[in-house]
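Residues in the sequence shown are numbered consecutively from -14, following my numbering. Glycine included, each C-beta is placed from N, C-alpha and C at the ideal position. Just so we're clear, the structure is a prediction, and the values are computed from it rather than from any experiment. Encoded as structure tokens, the structure appears first; notes follow it.
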Amino acid sequence: MDAEWLEDFLALVDLGHFSRAAEQRGVTQPAFSRRIRALEDWVGSPLFDRDLQPVALTPAGERFRPVAEETLRRLYQGREAAREAGRMSAATVRFASTQVLSFSFFPNWLRAIEGDEAREAVVSLTAAHMAACEQIMLRGEAHFLLCHDHPQMSHALMSDQFRSVRLGADTLLPVSAPDAAGTGPLFAMPGTSAAPLPLLAYSSESGFGRILAGARAIEKSEASLKPVFASHLASVLIAMARERRGIAWVPMSVVADDLARGTLFRASHARDDIPVEVRLYRSRARQSPAAERLWSLILRTADANDPESSRAV
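Below, the structure is given as structure tokens:
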């Protein structure tokens, strides 16, 4: 069934004459008549009483008329919605971000780089764990991925299909709730094999978990630790650490205030810290004009603010 047949049908309903309706629709009368007949064949019943002049709707035609009107209305609305979505999509720059960076880094960073060029685009952000962010990028559902990175971290964006730029630096450090006196950590590394310390660990979906595994942070610390809880969210591990549930390696950028207030303490020496980068990944394939303009702005801003950004690859 062709949508034009519905328009033909309603034109004939309005004008009552095949010749006038055909003229309005810009086709010959024989072609118009064939299209009305094709619609009637599709419906399975005559829609017009041709013995009357002007032609009139049959009972079947009367029942079909509101359906045709509603169908065309919904089709036109859907077409306009799709066109608007296409226009919005072309002007939207889509980011994926690991969850901790979505609130601890992204808002301030975006505000810092925004100029007239950036504000021309609508920015969309999806926050998820690292494994989900990888899939978002591999499916082409985002232009950019913001994540923590480390030379020993393995992920799917290390291939030649992607490039990245360094935006900043952070540190993963082991923290604990304070002891009863409030002067040091409740759980102080290294612990002992007889009494291992409780570890608040990252689940396999977490980028931080991959970083700690790749850097062999726990092995190098020579600490005796026993996993007691796991989550892909650093924010959850921080909350559990505050509740005296164990030790967690967490980003300094998120717990700096806790350390200053004494609600958390370092659980070990700085030698057990893991330096990490904040990097922005993108596909090497050509992106939308809006995304490419923002990428150029990001590179200029990164070069000006971070000497290490020259390591963009």
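Practice item. Report the three-state DSSP secondary structure of S281 (helix, strand or coil). Key: helix
Quiz item: Which same chain residues, not among the five before or five after R296, have their C-beta less than 7 Å away from its C-beta?
Solution: The pLDDT assigned to R296 is 43, lower than 50, so where the model puts this residue is not dependable; a value taken from the coordinates is nonetheless given after this. Correct list, in chain order: R151.
Return the residue from the list V235, D(-13), S253 that minimises the CA-CA distance to T56. D(-13)
Per-residue burial, L24 [other beta carbons within 10 Å of its own, 16 or more giving buried]: buried
Practice problem: Take L(-5) and list the residues in its own chain whose beta-carbon comes closer than 8 Å to its own, dropping the five residues that flank it on each side. | Solution: R50, A53, E54, L57
Apart from the five residues on each side of it in sequence, which residues of its chain come closer than 6 Å, Cβ to Cβ, to G153? V263
| task | May I ask you to report which of helix, strand or coil DSSP gives G153? | result | strand
TODO: Could you tell me whether the Cβ atoms of S161 and A252 are closer together than 8 Å?
DONE: yes
| request: Go ahead and label M138 buried or exposed: buried means 16 or more other beta carbons lie within 10 angstroms of its beta carbon, across all protein chains shown. | output: buried
Go ahead and pull the three-state DSSP assignment for L171. coil
Determine contact between the segment 116 to 131 and the segment 75 to 86, defined as no fewer than three beta-carbon pairs at a distance below 8 Å.
yes
Quick check: the Cα distance between V12 and L0, rounded to an integer number of angstroms? 15 Å
* Asked: Rounded C-beta distance between P175 and A208? I'm assuming under 8 Å.
  -> 4 Å
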